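A.B. asks:
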Amino acid sequence: MMTDSQLLTIECAGVTFPNPVGTASGTCGYGLDLKDLIDLNKLGAVFTKGLSAKPMRGNAPWRIVETHGGMINAIGLQNIGAKTFVAEKLPELRQYATRIIPNVFGYSIDEYSEAIRILEDGEGIHAYELNISCPNVKEGGKSFANDACQAAEVTAAVRKASSRPVIVKLSPNVTDIAEIARAVEDAGADALSLINTAIGMSIDIHTRKPRIGNVTGGLSGPAIKPIAVRCVFQAYRAVKIPLIGIGGIATTEDALEFIIAGARLIQVGTANFYDPSATMKIIDGLAEYCREKNLNNISKLVGTVEA
Ligand SMILES: Cc1cc2nc3c(=O)[nH]c(=O)nc-3n(C[C@H](O)[C@H](O)[C@H](O)COP(=O)(O)O)c2cc1C
1 MMTDSQLLTI ECAGVTFPNP VGTASGTCGY GLDLKDLIDL NKLGAVFTKG LSAKPMRGNA
61 PWRIVETHGG MINAIGLQNI GAKTFVAEKL PELRQYATRI IPNVFGYSID EYSEAIRILE
121 DGEGIHAYEL NISCPNVKEG GKSFANDACQ AAEVTAAVRK ASSRPVIVKL SPNVTDIAEI
181 ARAVEDAGAD ALSLINTAIG MSIDIHTRKP RIGNVTGGLS GPAIKPIAVR CVFQAYRAVK
241 IPLIGIGGIA TTEDALEFII AGARLIQVGT ANFYDPSATM KIIDGLAEYC REKNLNNISK
301 LVGTVEA
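Mapping the sequence shown onto this note's numbering, position 233 (from 1) lands on 233, and the numbers just tick up by one.
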């Protein structure tokens, strides 16, 4: 019988992952938040909370509200800063067998490059994931993710500053995800993550005030899963670089849907808040599915949707 490791080991963006399951940025701090809840040695990858060159305090409350089938957050990218991550979190995190992928952001291309320069000194980092859903304050505040030229520009700049693979995380809040995916691929991205949260809003009908301090926020959880599967499917048809599927994944069946649509890896986000063992269950479930379907490796399933 084939081992789970043989069935699930998979390459993506030049990195070999012990299995295709990671934790999504912003839902498990710097990975160590989960160390007493799950076996971090079994996890495929930790995608950290977004890191910037300098620490950030984030938004005023309320920052999170529950909605049907999901939640809206506007944390405001609070983080300890790249330098503190390298000095205080990375040494403990790299003791685990999981792959370490810092999620990185900035409000200008220089800020992205600066964060990468700091992280380049960190030992044990396998790749970077760029959150390009931030406003570019030097170009009128439009999100990098919403403009093919700006998305390409930040990708190229980071590609130049980085000795490690660069994964670019796309936003669903665009008209044509395939156009952005192609622009980012052409600019040198090694892989794409899809999707970040969908912009949402919720109103308290008694006070008539938005339930989020920031007025709008990012919708995540099962409610966005069909949007995310559609984005992965469209990107798979548009580019050759590997894809990482994210959005509402809570079960093995959810993960399989993304893999069949074209994802080589998947990330679990919001589900960690109500079931921290979701990643562990999905890893076991994917191995079981491979055995059931006589697949000698999970990669055989990637993009096999008959559409
Ligand atoms: C509380 C919270 C914080 C998040 N912070 C980040 C972040 O710092 N950087 C990022 O790229 N995505 C961030 N995300 C987006 C998630 O990584 C993920 O793309 C999104 O939530 C969809 O996946 P899910 O439905 O499994 O949660 C955050 C999501 C949540 C819920």
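Glycine residues also receive a C-beta, built at the ideal position from the N, C-alpha and C atoms. Values in this document were obtained by computation on a predicted structure and should not be read as measured data.
1. Residues in its own chain within less than 8 Å of residue 141 by CB, not counting five upstream and five downstream?
2. My output table needs one value for residue 169: the three-state DSSP class, helix, strand or coil.
3. Would you check whether ligand 1 has a heavy atom nearer than 7 Å to the C-beta of residue 54?
4. Out of 192, 35, 44, 180, point me to the one whose CA is closest to residue 283's CA.
5. Identify the continuous alpha helix (DSSP H) that holds residue 280 and give its terminal residues.
6. Using the DSSP secondary-structure output, state which residues sit across from residue 107 in a beta bridge.
7. Check for me: the beta strand (DSSP E) holding residue 129 runs from which residue to which?
8. Distance check for residue 207 and residue 237, CA to CA, integer angstroms please.
9. Between which residues of its own chain and residue 109 is the CB-CB distance below 6 Å, once the five residues before and five after are set aside?
10. For residue 40, which three-state DSSP category applies?
11. Taking Cβ positions, are residue 126 and residue 159 nearer each other than 8 Å?
12. Is there at least one non-hydrogen atom of ligand 1 closer than 7 Å to the beta-carbon of residue 277?
13. Is residue 297 a contact residue of ligand 1, with contact defined as CB to any heavy atom under 7 Å?
14. Quick check on residue 194: does DSSP put it in helix, strand or coil?
15. With distances taken Cα to Cα, identify the nearest neighbour of residue 30 among 71, 87, 18.
16. Below 8 Å, can you find three or more Cβ-Cβ pairs linking the segment 2–9 to the segment 211–230?
17. Does the structure place the segment 116–123 close enough to the segment 33–49 that three or more beta carbon pairs sit under 8 Å?
18. To the nearest angstrom, report how far apart residue 184 and residue 152 are at their CA atoms.
19. Can you grab the Cα-Cα spacing for the pair residue 209 / residue 144, in whole Å?
20. Take the Cβ of residue 169 as the centre, count every other Cβ of all protein chains shown within 10 Å, and call the residue buried at 16 or more, exposed below.
21. Could you tell me which of 212, 53, 72, 253 sits nearest to residue 287, measuring between CA atoms?
22. How would you write the range of the alpha helix (DSSP H) that residue 155 sits in, first residue to last?
23. Between residue 62 and the rest of its own chain, which residues show a CB-CB distance below 8 Å, the 5 nearest in sequence each way excluded?
24. How is residue 116 classed by DSSP in three states: helix, strand or coil?
C.D. replies: So, from the listed chains and residues:
1. On the sequence shown, position 141 is the one that residue 141 refers to. Closer than 8 Å at the Cβ level, and outside the excluded window around residue 141, lie 135.
2. The residue given as residue 169 occupies position 169 in the sequence shown. Three-state result, residue 169: strand.
3. Taking the sequence shown and counting its residues from 1, one reaches residue 54 at position 54. No.
4. Within the sequence shown, residue 283 is the residue found at index 283, counting from 1. Taking the Cα of residue 283 as reference, the smallest distance to any Cα among 192, 35, 44, 180 is reached at 44.
5. As a working note, residue 280 is residue 280 in the sequence shown. The continuous alpha helix (DSSP H) containing residue 280 extends over residues 278–292.
6. Here the question's residue 107 lines up with position 107 in the sequence shown. Residue 107 pairs with nothing; no bridge assigned.
7. Taking the sequence shown and counting its residues from 1, one reaches residue 129 at position 129. Segment 128–131, the beta strand (DSSP E) holding residue 129.
8. Numbered from its first residue, the sequence shown carries residue 237 at position 237. Numbered from its first residue, the sequence shown carries residue 207 at position 207. Rounded to the nearest angstrom, the two C-alpha atoms are 46 Å apart.
9. Sequence index remark: in the sequence shown, residue 109 carries index 109 (1-based). Excluding the 5 residues flanking it on each side, residue 109 has same chain C-beta neighbours closer than 6 Å at 154, 157, in chain order.
10. Numbered from its first residue, the sequence shown carries residue 40 at position 40. DSSP places residue 40 in coil when its eight states are reduced to three.
11. Residue 126 sits at position 126 when you count from the first residue of the sequence shown. Residue 159 sits at position 159 when you count from the first residue of the sequence shown. Cβ atoms of residue 126 and residue 159: not closer than 8 Å.
12. By 1-based counting over the sequence shown, the position of residue 277 is 277. Not under cutoff, so the answer is no.
13. Translated into positions along the sequence shown, residue 297 becomes position 297. No - ligand 1 has no heavy atom lying nearer than 7 Å to the Cβ of residue 297.
14. Taking the first residue of the sequence shown as position 1, residue 194 is located at position 194. DSSP places residue 194 in strand when its eight states are reduced to three.
15. Reading the sequence shown from its first residue, position 30 is the one you call residue 30. Among 71, 87, 18, the Cα nearest to that of residue 30 belongs to 87.
16. The segment 2–9 is not in contact with the segment 211–230.
17. Flag = no, the segment 33–49 and the segment 116–123 do not touch.
18. Along the sequence shown, read from residue 1 onward, the residue named residue 184 stands at position 184. Along the sequence shown, read from residue 1 onward, the residue named residue 152 stands at position 152. Distance from the CA atom of residue 184 to the CA atom of residue 152, rounded to whole angstroms, is 5 Å.
19. As a first step, residue 209 must be located in the sequence shown, where it is residue number 209. As a first step, residue 144 must be located in the sequence shown, where it is residue number 144. Whole-angstrom Cα-Cα distance: 29 Å.
20. The sequence position of residue 169 within the sequence shown is 169, counting from 1. When all chains shown are included, residue 169 counts as buried.
21. Taking the first residue of the sequence shown as position 1, residue 287 is located at position 287. Ranking the options by Cα distance to residue 287, first place goes to 253.
22. If you number the sequence shown from 1, residue 155 lands on position 155. Unbroken alpha helix (DSSP H) run through residue 155: 148–161.
23. Here the question's residue 62 lines up with position 62 in the sequence shown. Excluding positions up to five away in sequence, the list reads 211, 212, 213.
24. Along the sequence shown, read from residue 1 onward, the residue named residue 116 stands at position 116. In this structure, residue 116 counts as helix in the three-state DSSP scheme.
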